[in-house]
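With the first letter of the sequence shown counted as 1, position 343 gets the number 343 in UniProt numbering; the numbers rise by one all the way through.
Glycine residues also receive a C-beta, built at the ideal position from the N, C-alpha and C atoms.
Reading through the C-alpha cells given below for one structure.
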Amino acid sequence: GSLFGSRVDLDSFISMEFGTPHAAFLECDGFAAVEVRRAGQLDGKATVAYYTKDGNAKAPKDYVAAEGVLTFEPRETDKIIQVPIIDNNDWEPDKRFTVHLKDPQTDHDDFVCRLGKLSKCTVTILNDDSPGVLDFESDTYRVVESQGAVELTVVRRNGTAGRITVDYMTKDDSAVSPQDYIGQSGTIVFEHEEHTKKIRIDVVNDEDYEKNERFRVILSNPSPAGVKFNKKSDGGEDRAVAVVYIDADPASKGAVDALAGMLYVNKHKVQLGTSDWYEQIKAAIWVNGSKEEQAEAGVMSWIMHIVALPWKIVFAIICPPTSIWNGWACFFLALALIGLCTALIGDLASLLGCVLGIPDSLTAITLVALGTSLPDTFASKIAAQQDPYADASIGNVTGSNSVNVFLGLGLPWTIGAVYWSILGPTDTWKRKYSKDYQKDIIDAYPEGGFAVPQKGLGFSVLVFTCCAVVCIAMLVVRRVFFKGELGGPPRPRYVTALFAVSLWLIYIVISTLDIIDVL
C-alpha cells in the first residue's frame, strides 16, 4: 500500500528546469537561446516564470534584461528563452549573466508543479571583436640626416575592432637627443577599423660626419587589455621596438671613412659629459634621485638614503658619466670602486668576527659572505627589474661566484704556492704551520710549500650542494607552473623568496653546528 502510494505521488509531479547549467554565445549571435524542459507528468497546462540577473555582464550595456512566463501546453516538453545580446565593436573580456526560473504552476488539480535541480543557467557572452596585434612595419629604419625627418609606420594586424591606444617614446642609443634628433613621446590612437599610423621624428642635420648613429622608438602600454604586441618581433610580447639609423649625407663621404672608423667620437656625448657629471652628483644628493621624488619619499627611503649618502657622493664624483668614452671609463672605475668596497667590507666583517670570538670558518660563511654578497644581491634585483628575462639577474650570481672561486681563491693560492716553494721551509713557515695547522705538517712537507687544510670544508660543500640542487628544482617548478623563474603572481613570488631564504638559513645552521662540533 505505502509502496504503491509513494509511486503515485512521484508520478504526480511536473518538473521545470533548464536543459543545461551553462551556455555560451558569441555577441554577434544577437540572442542567447536558453532551453527550458518540462519533465514528469505531461498532462495539463503548466507555466514557469523566468528573469535575468546581472553578473559581470550588465544590462542594458551587454544584454537586454528579460523576464516573463513560459506556458507549456499539454504534452509540450521544450521551450526557448531568448535574451537579446548587445553586439559592439570594442574588445572586452568574456562576460556572464544568469537566467533564473521561479513560480512553477499547473492547472491540473492532481499534479504538483515544482522546479528541478537546474533552476539557474549561467550564460557566457563570448567576445568576437579582435582589437589586433601591434607592431612596427619594419624593425629597422634608415634616414640620411639631410632629409630632416624619418617616418615610422605602426601597423595593426589580425583585427581592427574598436578604438585602441598605445604609448610611444624615443630612447637614446649612439644618437643623442636633441643634438642628433628631436626626442619625443606621446600616445597613438587607432579608431575603429583603422590599421596604420605614422610617427614622424625630426632628425638634426649638423653637417658633421657621424656614421651610422642610431636611436630607438618603443611602443608600450597598449589599451584595452586585449591589445597585444607581435611576440616574434623585437621587444616580444611586452613592447615593440624599432631601431632608426641616421646615416651621413653621401656627399660628405670619402677619405674620412677610414679615419672615422679608428677615431670615431660622438662629439655630442662629450659635450654632454660635464652637465651629466653635475646631474649625477645632484641625483646622488636627492632622495630617490630628484627633488620631485624626494617630496614623495617615505621614511624607509630617507633612512636608506642617509646610510648610503657617503658612498653615493663618492661614486658620483669619481665615476664619470656614461656619455664619456661610450661608458668604458665609468665601467672600469666603478669596477675598481666595487672591488675596494668589497675588500673593506670583508676586512671589517673579519675584524668583527674576531672581536666577538667567532671561529674564522663561521665568520667566513656568515659575516664576510653577507658583507661581500649583499651588493651582488642588490645588483641582481636591479637586473631583474630592468630586464624582461631572468638571465641577467641569475647570471650575475653565477658570475660573481665564479669570480670568487676561480679568481678570489685561485689567484692568491697560486701566488702563495709560488712564494713558499721559492722560499722553502723558513722559520716563519715552520712557526705558522705548526701553530695554525697540524703539527706533523712540517714532517709531511720537509721542503716547505703552501697548504690550506680543509677543516670541515667537505661537509660545508656537501650541504651547499644539496641546497643548490633543491633551489634549481624550485626554479624548474616555477618555469613549469608560472612560465618564468622570476616574477609572477604576488603570493607565489613571496613564497619562492621565503623558500630561498630558508635554504640559506638551513645551510648556515647545519654548517655552524658542524663547525662548533655539535654534529
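- Here F215 carries a strand assignment [DSSP, helix/strand/coil].
- Going by beta carbons, D180 and V204 fall inside the 7 Å limit.
- In the same chain as R239, and ignoring 5 residues on each side of it, the C-beta atoms closer than 7 Å to its own belong to I218, L219, S220, F229, in chain order.
- Here C330 is buried. Its C-beta has 16 or more other C-beta atoms within 10 Å.
- Between the C-alpha atoms of T398 and R479 there is a straight-line separation of about 19 Å.
- Taking L115 as the centre and dropping the five residues before and after it, the same chain places the C-beta of M16, E17, L101, P104 closer than 7 Å to its C-beta, in chain order.
- In the DSSP secondary-structure assignment, Q105 is bridged to T47.
- Per the Cβ contact rule, the segment 503–519 is in contact with the segment 458–473 (3 or more Cβ pairs under 8 Å).
- Across the structure, A23 and N56 are spaced so that their CA atoms are roughly 15 Å apart.
- For T512, the enclosing alpha helix (DSSP H) starts and ends at 490–515.
- Secondary-structure assignment with DSSP links M304 through no beta bridge to anything.
- Contact check for A66 and V48: beta-carbon distance about 14 Å, past the 8 Å limit, so the pair fails to qualify.
- In the DSSP assignment, L152 falls within the unbroken beta strand (DSSP E) covering 149–157.
- Secondary structure note for V470: it is in no beta strand (DSSP E), and the uninterrupted alpha helix (DSSP H) holding it is 457–482.
- Sorting D29, G30, R37 by C-alpha distance to the C-alpha of P21 places R37 at the top.
- Positions of the alpha helix (DSSP H) runs, each at least 4 residues long and wholly inside the segment 268–354, are given as 291–295, 299–318 in order along the chain.
- In the structure shown, R114 falls within a strand segment according to DSSP collapsed to helix, strand and coil.
- With a cutoff of 7 Å on beta-carbon distance, F13 and G40 are scored as near each other.
- In terms of Cβ geometry, I515 and G458 do not form a close pair [threshold 7 Å].
- In the structure shown, V452 falls within a coil segment according to DSSP collapsed to helix, strand and coil.
- V299 sits away from Y141, with the two beta carbons spaced by 7 Å or more.
- For K120 and T196, the gap between their C-alpha atoms comes out near 46 Å.
- Our two residues, V355 and L513, have alpha carbons roughly 21 Å apart in a direct line.
- Within the model, the alpha-carbon separation for A369 versus E193 is close to 60 Å.
- In terms of Cα proximity to I199, the closest of D206, S185, E191 is S185.
- Looking at Y51, L70, P74, the one whose alpha-carbon comes closest to that of V64 is Y51.
- Counting along the chain, P84 sits inside the beta strand (DSSP E) bounded by residues 78–84.
- F378: not part of any beta strand (DSSP E); member of the alpha helix (DSSP H) spanning 369–386, first to last residue.
- A149 is a Cβ neighbour of D202, given a cutoff of 7 Å.
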